[in-house]
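Report on one structure; see the data block that follows.
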Amino acid sequence: MKPDTRYIEVAVALPVFQTFTYSAPESLAAFVAIGKRVLIPFGRRRITGYVLGPIQGLGHKEIKTVLDVLDDQPLFPSAMVPFFRWISDYYKYPLGEVVKNALPGGLNIRDYVQVSLTTDGQAALDSGQLNPITKQILSQVQPGPCRMNELYKKIDQNIPAALLYSLEQQGLILRKQKLSKARTKARLERYVRLADTRPAAVKLTRSRKKIIDLLTASGEISVGQLKEIVPTAAALIKPLEKAGYLTIHYKRVYRDPFGESIEPDSARALNREQAKAVATICSYFTKGYKTFLLKGVTGSGKTEVYLQVADELLKSGRCVLVLVPEIALITQMERRFRARFGDCVGVLHSGLSAGERYDQWTRILGGEARVVIGARSAIFAPLENIGIIIVDEEHDSSYKQEGKLRYNARDLAVVRAKQKDCLALLGSATPSIQSYYNTVTEKFSELILTKRVEQRSLPEIRIVDLRETRDTRGIGRYISSPLRQAMQETLERGEQVLLFLNRRGYASFPVCSVCGQPMRCKHCDISLTLHQSSNAYRCHYCGFSRSAVSKCDVCGSDKIKLLGLGTEKLEGMVAKLFPRARLSRMDRDTTTRKGSVLKLLKGLRDNTTDILVGTQMVAKGHDFPNITLVGIICADLSLSFPDFRAGERTFQLLAQVAGRAGRGKRPGRVILQTYNPDHFSIDAARQQDFTAFYNQEIGFRNALNYPPFSRVIQLKISGKDPRETKKHTHTLGDLCQSLKASESARYQGIEIMGPIEASLTRIARRYRWQILLKGSSARMLHRFINQLMSDHPAGLSRHQVQVAIDVDPFFMM
Ligand code: ADP
Ligand code: ZN
Ligand code: ZN
76 MKPDTRYIEV AVALPVFQTF TYSAPESLAA FVAIGKRVLI PFGRRRITGY
126 VLGPIQGLGH KEIKTVLDVL DDQPLFPSAM VPFFRWISDY YKYPLGEVVK
176 NALPGGLNIR DYVQVSLTTD GQAALDSGQL NPITKQILSQ VQPGPCRMNE
226 LYKKIDQNIP AALLYSLEQQ GLILRKQKLS KARTKARLER YVRLADTRPA
276 AVKLTRSRKK IIDLLTASGE ISVGQLKEIV PTAAALIKPL EKAGYLTIHY
326 KRVYRDPFGE SIEPDSARAL NREQAKAVAT ICSYFTKGYK TFLLKGVTGS
376 GKTEVYLQVA DELLKSGRCV LVLVPEIALI TQMERRFRAR FGDCVGVLHS
426 GLSAGERYDQ WTRILGGEAR VVIGARSAIF APLENIGIII VDEEHDSSYK
476 QEGKLRYNAR DLAVVRAKQK DCLALLGSAT PSIQSYYNTV TEKFSELILT
526 KRVEQRSLPE IRIVDLRETR DTRGIGRYIS SPLRQAMQET LERGEQVLLF
576 LNRRGYASFP VCSVCGQPMR CKHCDISLTL HQSSNAYRCH YCGFSRSAVS
626 KCDVCGSDKI KLLGLGTEKL EGMVAKLFPR ARLSRMDRDT TTRKGSVLKL
676 LKGLRDNTTD ILVGTQMVAK GHDFPNITLV GIICADLSLS FPDFRAGERT
726 FQLLAQVAGR AGRGKRPGRV ILQTYNPDHF SIDAARQQDF TAFYNQEIGF
776 RNALNYPPFS RVIQLKISGK DPRETKKHTH TLGDLCQSLK ASESARYQGI
826 EIMGPIEASL TRIARRYRWQ ILLKGSSARM LHRFINQLMS DHPAGLSRHQ
876 VQVAIDVDPF FMM
């Protein structure tokens with residue numbers, strides 16, 4: 076920013092859509108820059124704001140001044156400002172909140188109110204002549220100052236503001252505005268080195284002499300390292316500094332998220348198809364924006380393509396951003412990238428601690444990390460000179476964030492590439508219908524890998540019709556005899572088995588055997604799942620849990636039948652069938668602890684696991700050469716979801732999980748158990764035929780006018796009061812209808828579906844409704860929603876009824 080700029084545009088992390096103008100006083104002007112945070116007065120508070128740019132020539136009357144500049148270096152490059160603006164506008168989310176969502180958490184500071192006891196207050200407390208609530212308040216703050224919001228929490232009744240005011244007036248308490256500290260900070264480590272001029276050596280103790288010798292030999296050393304050699308070092312360095320032998324100083328260090336070190340590797344010789352893909356992408360390096368869709372069957376070596384493209388770009392001085400759907404896969408991708416590129420790899424994902432994230436962020440900003448690998452939030456990585464944004468497994472629904480800023484990182488990759496005039500590369504064995512349609516309409520260019528590397532064949536898939544075992548009792552109902560036999564053979568050969576069941580827990584459908592009442596969540600309209608390991612019924616939507624010995628709510632019987640199979644029960648059954656096999660299970664329940672996913676994957680890699688049972692977590696992109704059998708316990712679970720993408724999801728999931736088999740030298744096979752062997756999603760997955768699936772599915776989408784033939788915005792309405800929620804939903808529905816009617820020519824292409832009650836009618840005590848807006852183009856749909864919002868500047872939410880706008884929704888239930 077030019078130093079003479081007096082006025083700046085600031086975004087604040089509050090639910091407001093506009094930005095604000097502030098002026099920088101002379102003393103701070105030199106420190107202000109785009110991407111830095113400033114402390115600003117806002118209403119009666121002081122809060123953090125983000126500097127977005129200078130503002131020229133304005134006629135505002137009263138402009139407030141910035142109180143402080145909080146960063147010595149910008150937190151994001153100025154080139155990201157248009158990206159943030161685009162996101163705010165497209166996803167209908169306040170700009171300052173977009174910036175906050177992008178930055179590593181815990182950095183911001185804001186005002187809070189602190190209450191403390193005065194000496195008069197102490198005297199009043201001692202006198203004992205106080206009314207009960209005053210006494211409670213004063214005793215709460217007696218031990219020391221207390222935050223206002225904590226005081227409210229600790230005192231069980233409503234504290235009238237007038238009472239606090241009067242206590243303050245009487246001089247019994249003191250209220251002060253304080254600034255909270257940032258929770259995330261740079262880590263500084265103590266280092267020591269020899270002083271430039273030292274006193275002549277007098278007699279030193281053995282340990283002190285050892286320290287001096289170490290420093291003489293190694294120059295500078297951290298106190299941590301020093302302590303490993305001289306355990307008492309921490310106590311000794313201060314006196315040594317005082318005596319003039321050494322100096323102590325602080326250095327910024329980065330918390331190391333990696334742990335183990337990795338053997339370096341080098342580029343592989345590419346096969347013909349891989350080489351062609353790499354050459355094509357490289358030929359576009361200097362030609363501006365373009366998006367490629369790399370459609371390569373499972374095990375065709377897409378990652379090697381990414382690596383070699385990245386290598387070329389790095390050589391030409393540009394940076395690479397790689398998005399991967401989830402943490403388990405990030406570690407795999409990270410290993411491969413670090414083996415190839417070493418220390419210039421940075422990672423960003425939610426598995427890092429706040430401090431580690433902040434450190435990685437700084438390394439990226441400083442240009443130290445030039446390849447960034449991360450989950451969806453890494454789309455905000457503050458890279459300057461991006462050459463390509465790679466999105467692996469681009470079809471994966473974890474790129475969509477639900478809640479808060481509802482964005483899709485895959486789509487944002489394309490947007491950011493367009494803005495930066497660089498390349499985007501989307502890869503998948505089972506591309507999303509949307510992306511593949513974009514190659515058909517030539518918005519994207521298609522690159523294909525039709526074969527697995529080194530002539531390995533795709534696994535053979537056999538269908539088992541579950542309708543035939545419907546009446547079987549016990550294990551045989553879930554593990555058919557062909558599957559059981561195949562497992563036996565695989566284990567005997569010393570190979571590994573993967574069993575896939577997309578439902579966790581023990582029993583997902585507990586029912587009273589006397590009156591037939593299902594065990595339901597108290598807060599949601601959903602069946603509870605029994606988790607044997609934690610001895611409780613749990614709700615997968617709100618976390619509610621009740622003891623496993625609970626009785627039926629209706630008739631009080633304790634005879635609960637445990638219907639519905641989950642991974643926990645499946646694991647138990649398999650253990651009975653194959654008592655000598657080493658089993659592990661991978662689902663949300665077994666992977667909550669940090670590092671647990673890595674441990675599970677390590678078991679597969681080291682061959683200390685024979686059978687892995689898991690949910691969709693095991694379906695994604697993993698590369699384990701010794702898995703030669705994949706068993707799909709029930710292929711139908713996602714088919715019946717009330718969602719236009721149900722077929723697409725089912726196909727992707729099945730084709731992906733099948734693709735885990737036979738990735739090594741030995742061929743793989745898959746046994747797919749289903750109640751719907753003739754359904755086209757399942758049949759296409761059996762044949763691993765994406766094109767067949769696409770051709771069927773695209774016909775449906777066209778006939779029903781669903782994306783990619785239209786664009787969709789879902790209004791998600793929820794509230795604790797069923798009547799209020801329903802009423803507001805209908806008001807909102809009427810508003811939509813009358814807006815459409817008032818400009819019928821302009822909004823002809825808008826279709827309003829609903830209001831309807833959501834399929835999950837209640838989650839976490841909130842009643843849920845939906846309105847679906849379909850438009851023939853994104854522009855028209857946005858014009859419509861913009862007008863709806865500007866007609867109601869205070870927002871669409873009302874009286875405890877919340878309205879969330881979900882642009883391009885994924886989770887439709
Ligand atoms: P995909 O992501 O397409 O499923 P991967 O990139 O995981 O496939 O590749 C599968 C395996 O093949 C990996 O172990 C990888 O190291 C190996 N591989 C990739 N390209 C080659 C090649 N050209 N020659 C030999 N092996 C390769
Ligand atoms: Zn009952
Ligand atoms: Zn619940």
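What the sequence shown shows, in the numbering used here, is residues 76 to 888, in sequence order.
Where is the CB? At the ideal position from N, CA and C, for every residue including glycine.
Everything numeric in this text was worked out from a predicted model, so none of it was measured.
Within the same chain, show all residues whose beta-carbon is closer than 6 Å to that of residue 781, passing over the 5 residues directly before and after it, in chain order. Closer than 6 Å at Cβ, skipping near neighbours: 719.
Is it true that the segment 704 to 715 meets the segment 484 to 491, where meeting means three or more beta-carbon pairs spaced less than 8 Å apart? no
Counting pairs of Cβ atoms below 8 Å between the segment 680 to 695 and the segment 406 to 416, do you hit three or more? no
Are there any heavy atoms of ligand 5 lying less than 8 Å away from the beta-carbon of residue 839, as far as the coordinates show? Because ligand 5 does not appear in the structure shown, any question about it cannot be addressed here, the ligands present being ligand 1, ligand 2 and ligand 3.
List the DSSP bridge partners of residue 878. Answer is 792, bridged to residue 878.
If you draw a straight line from the alpha carbon of residue 645 to that of residue 677, how long is it in whole angstroms? 22 Å
Could you pull the start and end residues of the beta strand (DSSP E) that residue 707 belongs to? 702 to 707
Should residue 616 be listed as close to ligand 3, given that the test is whether its C-beta is under 8 Å from any heavy atom? yes
Output the distance between the C-alpha atoms of residue 340 and residue 88, rounded to the nearest integer angstrom. 44 Å
Taking the alpha-carbon of residue 278 as reference, which of 380, 287, 523 has the nearest alpha-carbon? 287
Taking residue 501 as part of the beta strand (DSSP E), name the residues at either end of that continuous run. 498 to 503
Do you know offhand how far residue 130's Cα is from residue 199's? Taking the straight line joining both Cα atoms gives about 54 Å.
Report all residues from its chain with a CB closer than 8 Å to the CB of residue 888; omit the five preceding and five following residues, and keep chain order. Cβ within range, chain order: 716, 717, 718, 833, 834, 835.
Any chance the CB of residue 587 is under 8 Å from a heavy atom of ligand 3? no
Proximity of residue 458 and residue 447 at Cβ, strictly below 9 Å: yes
Assuming residue 907 contacts residue 311 under a Cβ cut-off of 8 Å, what Cβ separation, rounded to an integer in Å, is found between them? Here the chain comprises residues numbered 76 to 888, so residue 907 is not present and cannot be evaluated.
How would you label residue 553, buried or exposed, when you count the other beta carbons within 10 angstroms and need 16 or more for buried? Burial call: buried.
Residue 78 versus residue 174 - alpha carbon distance: Caution is warranted here: a pLDDT of 43 is assigned to residue 78, below 50, making its placement in the model unreliable, and no coordinate value can be reported.
Please state the DSSP three-state secondary structure of residue 139. Note: residue 139 maps to coil in three-state DSSP.
Report the three-state DSSP secondary structure of residue 325 (helix, strand or coil). Residue state for residue 325 is assigned as strand, using DSSP reduced to three classes.
Where residue 429 and residue 435 are concerned, what is the direct C-alpha to C-alpha distance, given to the nearest angstrom? 10 Å
From 392, 527, 652, 355, residue whose alpha carbon lies closest to that of residue 550: The option with the nearest alpha carbon to residue 550 is 652.
Per DSSP, which residues does residue 365 bridge with? Please list them. 498
At least one CB of chain C closer than 9 Å to the CB of residue 337: is that the case? The structure shown contains no chain C; it holds only a single protein chain.
Using the Cα positions of residue 86 and residue 143, report the straight-line distance between them to the nearest angstrom. 15 Å
DSSP three-state label for residue 679, please. helix
Beta-carbon spacing of residue 858, residue 821 below 9 Å: yes
Residue 831 (DSSP reduced to helix, strand or coil): strand
Check whether the Cβ of residue 865 sits closer than 8 Å to any heavy atom of ligand 2, and report yes or no. no
Thinking just about the alpha-carbon of each residue, which of 431, 591, 656, 788 is nearest to the one in residue 564? 656
Near ligand 3: residue 619 beta-carbon under 8 Å from a heavy atom: yes
I need the straight-line Cα distance from residue 76 to residue 145, nearest angstrom please. The pLDDT assigned to residue 76 is 46, lower than 50, so where the model puts this residue is not dependable, and the model offers no usable value.
For residue 399, the nearest candidate out of 373, 884, 829, 468 (CA to CA): 468
Looking at C-alpha atoms only, which residue of 664, 617, 568 is the closest neighbour of residue 606? 664
For ligand 3, any of its heavy atoms closer than 8 Å to the Cβ of residue 811? no
Please name the residue in 202, 190, 194 whose C-alpha comes closest to that of residue 212. Minimum Cα-Cα distance from residue 212 among the listed residues 202, 190, 194 corresponds to 190.
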